[in-house]
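In our numbering, the protein residues as written are 1 to 534.
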């Protein structure tokens, strides 16, 4: 029912939501900032050109088929923004019809449905949804604009996805659009997005495949908090050409070019456009017990110049069950348009057109173990150094390159599937340090852990339990937020042919905690759905 609850359970991922459904949300990956995570939806770069971050709180979960998380820098493949890693979202493609109605705590009501067509060489699916939540007060009395009223949320969305094949060629396309309204104490925000992707896959020969891609996103955000308003409008157009060439003897070469043009505007006070062109290549080779990967990319940006990033990874099979992995990579984040060109407020918090990109270097060492009867275990140790972090400083709090950070951590994960049972457990230990002050980076715990246990019945019914624990976090003003633990329950019952009843209980222990200083979190809550599938 909640995308952010799913992400929270993943190793190395920290979630901060300032209120209930639709409230502003930050996603931290391996301790990096929220704008250090590259977000792709059906291959399209979706972060705002104005703010540099993605509006996770508005993404409708009913449109999502699966999510893939790549931890660590991927600048050699994607360019800007992937200092902490990459989160890829793939929208629904199943043409089978379905419908679901949901109701629950905090005045939650939702309806979603989908249908489609599948022929011999083509398929298409159409999915739509609507969600309305009365919510709860986003802030408590410690908040800067506390108002005890409920803060609601509404979202309407539509997605279309399809593909057509002929011979060795394939054309894939997708469109996702949504319109959301989020209430905040003494304020309201309206968000609209349209995301489109187009991909043509072909082959020059049996050993040489290629893809030609195009993408578009328009992101609009209007906020009115009484004492001030904001109005952002950003757009991005993308083109790409990527090739995969099999070189023989277990080797492959990938290479290509891509280009994007993005525009951003705010309150008619500024309107800017920039371009980015890049070329990249990577080599992958398996030999004996080794697996080698090398990659490099050069970006040329019309506003902040050129930047090279590279990556090297080496894996070694110690035994049939144990693998040792090591990697080193560089990445960067280019300044967003607000950081470069915003006039600020009364001369304060103004942008700086002379900003340099933020740069990082990361190293990782991993160990993996797999056993057909005993499950999978992994341990990853990493360290990332970031330079030229952009902060608002000086007498007028102008954007400048001033800060440095060091991120270190250990991620442990174990999974086991035996018969009808599935167990997943993980723990993250991290040290995020502001090199200038020695303090931890804000709102990121030093430790967190989660565990889930699921059972699937023969008739398609299921039941599951999940637990989550987060350690203390530092927040603004030197405030230390307490640790907290959550217990959730989920179950599904197939009560008739094609019909099932779904139940989810969240925060069953009714834990009272602050996700951020001055902000409330949901208490014990329950949600019930009735779903129909053919």
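The beta-carbon is built from N, C-alpha and C at its ideal position, and this holds for glycine as well.
Shown here, residue 452 sits in a strand according to DSSP, grouped into three states.
According to the DSSP secondary-structure assignment, residue 348 is paired through a beta bridge with 345. For residue 167, DSSP assigns no beta-bridge partner whatsoever. Residues 532, 533 and 534 of the same chain have their beta carbon placed closer than 8 Å to that of residue 498, with the five preceding and five following residues left out of the count. DSSP, read as helix, strand or coil, puts residue 120 in coil. In this chain, the alpha helix (DSSP H) harbouring residue 4 covers 3–8. Straight-line spacing of the CA atoms in residue 43 and residue 270 works out to 29 Å. In the structure shown, residue 442 adopts coil according to DSSP, grouped into three states.
Taken through DSSP and simplified to helix, strand or coil, residue 75 comes out as helix. Between residue 432 and residue 98, the alpha-carbon positions lie close to 44 Å from each other. Residue environment analysis places residue 89 among the buried positions, since at least 16 neighbouring C-beta atoms fall within 10 angstroms of its C-beta. With contacts defined as CB atoms closer than 9 Å, residue 422 and residue 452 qualify as a contacting pair. For residue 295, the uninterrupted beta strand (DSSP E) run begins and ends at 290–301, by DSSP.
Nearest in C-alpha terms to residue 147, of all of 478, 183, 354 and 366, is 183.
Contiguous beta strand (DSSP E) elements confined to the stretch 243–280 occur at 251–266, taking only those with 3 or more residues. Burial is judged here by how many other beta carbons sit within 10 angstroms of a residue's own beta carbon; residue 85 has at least 16 and is buried.
Judged by DSSP in its simplified three-state form, residue 83 adopts coil rather than helix or strand. The DSSP-derived three-state label of residue 62 is helix.
Taking the CA atoms as reference points, residue 162 sits about 21 Å from residue 156.
Here residue 355 carries a coil assignment [DSSP, helix/strand/coil]. Beta-bridge pairing by DSSP links residue 311 to 295 and 329.
Rounded to whole angstroms, the gap between the alpha carbons of residue 523 and residue 441 is 27 Å. Contact between residue 302 and residue 312 does not hold, since the beta-carbon distance rounds to 29 Å and is not under 8 Å. Proximity of the stretch 335–347 to the stretch 365–382 falls short of the contact definition, fewer than three beta-carbon pairs being nearer than 8 Å. Annotation: residue 399 to residue 158 spans about 38 Å, alpha carbon to alpha carbon. The straight-line gap separating the alpha-carbon atoms of residue 266 and residue 288 is approximately 56 Å. Where residue 419 is concerned, there is no enclosing beta strand (DSSP E), because DSSP gives it neither an H nor an E. Of the candidates 276, 259, 297 and 365, 365 places its Cα closest to the Cα of residue 316.
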